[in-house]
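What follows is a set of notes on a single structure, which appears directly below.
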Amino acid sequence: MAGHMHLENTSEAHPIQVFWGEMSACEHFVQIYDDNDVFMSTLEDFIARGLLAGESCVTIATAAHLGLLGQRLRARGVDVETLAADDRYIALDAEKILAQFIIQGFPDDRLFNRVILEILGRAKGPGQRKVRAFGEMVALLWAQGLHAAATQMEHLWHDLCRSEQFPLFCAYPRAGFKQDAIKSIEQICATHSKVIGS
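Numbered continuously in the working numbering, the sequence shown closes out at residue 178.
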């Protein structure tokens, strides 16, 4: 694995690196961010460290964020294409995945579990590798004003994190919280086990 990437070694651990080190097997955490570059740095570190540890990484994000993440990982020395061919790095368009289980603006529990479990199965592979995942589908639903649907999906994700034993990172742009922003952010944070700074 070392031949596929390199990570900078520093004498002092960045706070977010300490956070990743303390992450449990079924952690479900969220970042509410103002700055897209700060968010992308967090996502890059989350995925790169998982790959370095020999885990498979699933990223379900917007096309723009998938593109940026791919660029950042390659610049960091990650052989994205080789890892993708082995289902060690699975990058999926959030809108396309949403379309597979959203019915009349709400997630269908059975379809959600079927779709996500199939993706997790690919990531685990025959050797049952450890998996970590990032999901941006909830943020897309929230941005569309489908708040109940986003909250329900967070609960579905949370249940899967516990049953399948994998850490999940979610992120929302703060700009998406327009009405009753403080109350809305508190509502989202309550569906997660940890909140990380933006």
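Note that beta-carbon positions come from the ideal geometry of N, C-alpha and C, so glycine has one too.
All values reported here derive from a predicted model rather than from experimental measurement.
For R29, the uninterrupted alpha helix (DSSP H) segment begins and ends at 16 to 32.
Segment contact: the segment 38 to 57 against the segment 71 to 80, three or more CB-CB distances shorter than 8 Å; contact assigned. Apart from the 5 residues on each side of it in sequence, A130 sits with its Cβ closer than 7 Å to the Cβ of V118, L121, W122 in its chain, given in chain order. For L72, the three-state secondary structure derived from DSSP is strand. Per DSSP, reduced to three states, the secondary structure at T42 is coil, with no helix or strand assignment. Three or more pairs of CB atoms, one per stretch, sit closer than 8 Å, so the segment 80 to 87 contacts the segment 124 to 140. Counting along the chain, L140 sits inside the alpha helix (DSSP H) bounded by residues 127 to 144. Counting the other CB atoms within 10 Å of its CB gives Q11 a total of 16 or more, which places it among the buried residues. Rounded to whole angstroms, A41 and Q108 show a C-alpha spacing of 24 Å. Pairing V58 with L100 gives a Cβ-Cβ distance that is not under 8 Å. The straight-line gap separating the alpha-carbon atoms of Y13 and F19 is approximately 6 Å. Residues E35, S36, V38, L100, A103, K104, F146 of the same chain have their beta carbon placed closer than 7 Å to that of V111, with the five preceding and five following residues left out of the count. Each residue's CA atom was taken as its position, placing E98 and D17 some 31 Å apart. Membership of G115 in the beta strand (DSSP E) is indicated by the continuous run 111 to 115. With fewer than 16 other Cβ atoms from the protein chains shown falling within 10 Å of its own Cβ, E61 counts as exposed.
Per DSSP, the continuous alpha helix (DSSP H) segment holding F92 begins and ends at 89 to 104.
Here the alpha carbons of I83 and F26 stand approximately 31 Å from one another.
Counting along the chain, A64 sits inside the alpha helix (DSSP H) bounded by residues 60 to 65. A residue is called buried once 16 or more other Cβ atoms fall within 10 Å of its Cβ, and A55, having fewer, is exposed.
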